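Residue numbers (this note's numbering): 1 to 252.
Built from N, CA and C at the ideal position, the CB exists for glycine as well.
As the structure is a computational prediction, the values presented were derived from the model and not from experiment.
Input: a single structure, listed below in structure tokens.
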Amino acid sequence: MATSPSYADISYTFEDLSTDDLKQSEEALRLHSFKSLINRHQISKMMADIVIICDDSTSMNTKTANPTNPRTAATSRWEELKVTVQIVTEIVATLDDDGIDVHFLNRDPIRNVFDVRQLDDAFENPPSLERETEPRCSNKKLLILIATDGVPTTGMGFDHRLGLWLVLMQERDDAGDTSVVFLLCTDDEKEVGYLNEWDKEIPGVDTVDDSITECREILAVQDDCATDANASLADRGDKEEEKEVEALSKLL
């Protein structure tokens, strides 16, 4: 029986890592998270159609600084999305026998993707607004991965969270054959906090935090552990174990 990694295995600070090491660590965080969601939604080879929807609106040009490592150059949300989609594609493309379909809000879709290199041309152009819907004729489950940085808006720029909520609640089948996972490309809680709430409230909806948020959560647990270092083991017991398990669960 495989054993879970000990909390000590991640008890380093991200400031101690080089830029390359930090990038690898962030990608490892995403990799563990996506493998976990695949298991959670019981997606298996030949049994699911998988669609990724990428937010390529102009807000994706916003720069995102890394508060856990000031030495790291700020990257855009679009760069964050590209890395996220590349990792997701490597994992889930093997689970869809006819390849995954990658849709964008403002550019043509790319169908039957088996290799991340098929996405290179699409990601060459920065975010800049064509929408595509089509009937679905398949007996497979559907896993929809939505890479986004915030609140949905109408063509006039008005908040459209209610519309998205109605789709999630009313337009999906009752059999639970359509799962929706939001891949968050920002650490701005004001922009994506509602999605974390929906994660808890709406069946078949899940979220995966961006790497910066996950780093923050891990470091917060480390700080709590350091503060309580002088407490007796008896007093810490269940409380500290619960915090550690919560942090690790985000990596597995």
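Legend entry - Extent of the continuous alpha helix (DSSP H) run through Phe123: For the purposes of this step, residue 123 is taken as the residue at position 123 of the sequence shown. First-last of the alpha helix (DSSP H) with Phe123: Asp120 to Glu124.
Inset, instruction - Could you have a look at Ile110 and say whether DSSP puts it in helix, strand or coil? - result: The residue given as residue 110 occupies position 110 in the sequence shown. In the three-state scheme derived from DSSP, where H, G and I count as helix and E and B as strand, Ile110 is classed as strand.
Legend entry - Gly163 to Pro109 span [Cα, whole Å]: As a first step, residue 163 is located in the sequence shown; it is residue number 163 there, counting from the start. As a first step, residue 109 is located in the sequence shown; it is residue number 109 there, counting from the start. Cα-Cα distance, rounded: 23 Å.
Inset, instruction - Tell me, please, whether the stretch 140-151 touches the stretch 177-184 by the rule of three or more beta-carbon pairs shorter than 8 Å. - result: As far as the Cβ criterion goes, the stretch 140-151 touches the stretch 177-184, which means the pair count is three or higher.
Inset, instruction - Output the distance between the C-alpha atoms of Ile259 and Asp209, rounded to the nearest integer angstrom. - result: This structure cannot settle anything about residue 259, because the visible part of the chain is limited to 1 through 252.
Legend entry - Through-space distance from Arg172 to Tyr194, alpha-carbon basis: For this step, residue 194 is matched to residue 194 along the sequence shown. For this step, residue 172 is matched to residue 172 along the sequence shown. Rounded to whole angstroms, Tyr194 and Arg172 show a C-alpha spacing of 19 Å.
Legend entry - Supposed contact pair Val113 and Thr89 - C-beta distance, whole angstroms, cut 8 Å: Start at 1 with the first residue of the sequence shown, and residue 89 comes out as number 89. Start at 1 with the first residue of the sequence shown, and residue 113 comes out as number 113. So it is a contact: roughly 6 Å between Cβ atoms.
Inset, instruction - To the nearest angstrom, report how far apart Thr62 and Glu191 are at their CA atoms. - result: The residue you call residue 62 lines up with position 62 of the sequence shown. The residue you call residue 191 lines up with position 191 of the sequence shown. Answer to the nearest angstrom: the Cα atoms are 13 Å apart.
Legend entry - Cβ-based neighbour list, Val116, same chain, cut-off 7 Å, excluding 5 preceding and 5 following: Locating residue 116 in the sequence shown gives position 116, where the first residue counts as 1. Contacts found: Gln86, Thr89 and Glu90.
Legend entry - Val116, DSSP secondary structure in three states: As a position in the sequence shown, residue 116 is number 116, starting the count at 1. DSSP, reduced to helix, strand and coil, places Val116 within a helical segment of the structure shown.
Inset, instruction - In the DSSP assignment, find the unbroken beta strand (DSSP E) run with Ile202 in it and report its ends. - result: Translated into the one-based positions of the sequence shown, residue 202 becomes position 202. Segment: none, Ile202 is in no beta strand (DSSP E) and carries neither H nor E.
Legend entry - Beta carbon of Asp206 nearer than 8 Å to that of Asp199: Here the question's residue 206 lines up with position 206 in the sequence shown. Here the question's residue 199 lines up with position 199 in the sequence shown. A contact, by the Cβ cut-off of 8 Å.
Legend entry - Three-state secondary structure (DSSP) of Val147: By 1-based counting over the sequence shown, the position of residue 147 is 147. Residue 147 is actually Ala in this sequence, not Val. Here Ala147 carries a strand assignment [DSSP, helix/strand/coil].
Inset, instruction - Would you list the residues sitting across from Val167 in a DSSP beta bridge? - result: As a working mapping, residue 167 is identified with position 167 in the sequence shown. Answer by DSSP bridge pairing: none, since Val167 is not bridged.
Inset, instruction - Tell me whether Lys140 sits in a helix, a strand or coil according to DSSP, three-state version. - result: Position 140 of the sequence shown, counted from the start, is the residue given in the question as residue 140. Coil.
Inset, instruction - Measure the C-alpha to C-alpha separation of Val51 and Leu95 and round it to an integer number of angstroms. - result: Indexing the sequence shown from 1 puts residue 51 at position 51. Indexing the sequence shown from 1 puts residue 95 at position 95. Cα to Cα, Val51 sits roughly 12 Å from Leu95.
Inset, instruction - Would you mind giving the Cβ-Cβ distance between Ile144 and Ile53, rounded to the nearest angstrom? I have them listed as a contact below 8 Å. - result: Against the sequence shown, residue 144 aligns to sequence position 144. Against the sequence shown, residue 53 aligns to sequence position 53. The beta carbons of Ile144 and Ile53 sit about 7 Å from each other, so the pair counts as a contact at 8 Å.
Inset, instruction - Measure the C-alpha to C-alpha separation of Met60 and Asn106 and round it to an integer number of angstroms. - result: If you number the sequence shown from 1, residue 60 lands on position 60. If you number the sequence shown from 1, residue 106 lands on position 106. When only Cα atoms are considered, Met60 and Asn106 end up about 12 Å apart.
Inset, instruction - Please say whether Phe104 and Asp56 have beta carbons closer to each other than 8 Å? - result: The count along the sequence shown starts at 1 and reaches residue 56 at position 56. The count along the sequence shown starts at 1 and reaches residue 104 at position 104. Contact: yes.
Inset, instruction - Could you pull out every residue in the same chain whose Cβ sits closer than 6 Å to the Cβ of Ala226, ignoring the five residues on either side in sequence? - result: Along the sequence shown, one-based indexing puts residue 226 at 226. Since pLDDT at Ala226 reaches only 45, below the 50 mark, its modelled position is unreliable, and no value is offered.
Inset, instruction - Determine which residues share a DSSP beta bridge with Leu183 and list them. - result: Counting from one through the sequence shown, the residue named residue 183 turns up at place 183. Under the DSSP definition of a beta bridge, Leu183 partners with Ala147 and Val208.
Legend entry - Thr178 and Gly157 closer than 8 Å at C-beta: Mapped onto the sequence shown, residue 178 falls at position 178. Mapped onto the sequence shown, residue 157 falls at position 157. Cβ distance not < 8 Å, so Thr178 and Gly157 don't count as in contact.
Legend entry - 6 Å CB neighbourhood of Val102 in its chain, flanking five on each side removed: In the sequence shown, residue 102 corresponds to position 102, counting from 1. Here the set comprises Ile52, Ile110 and Val113.
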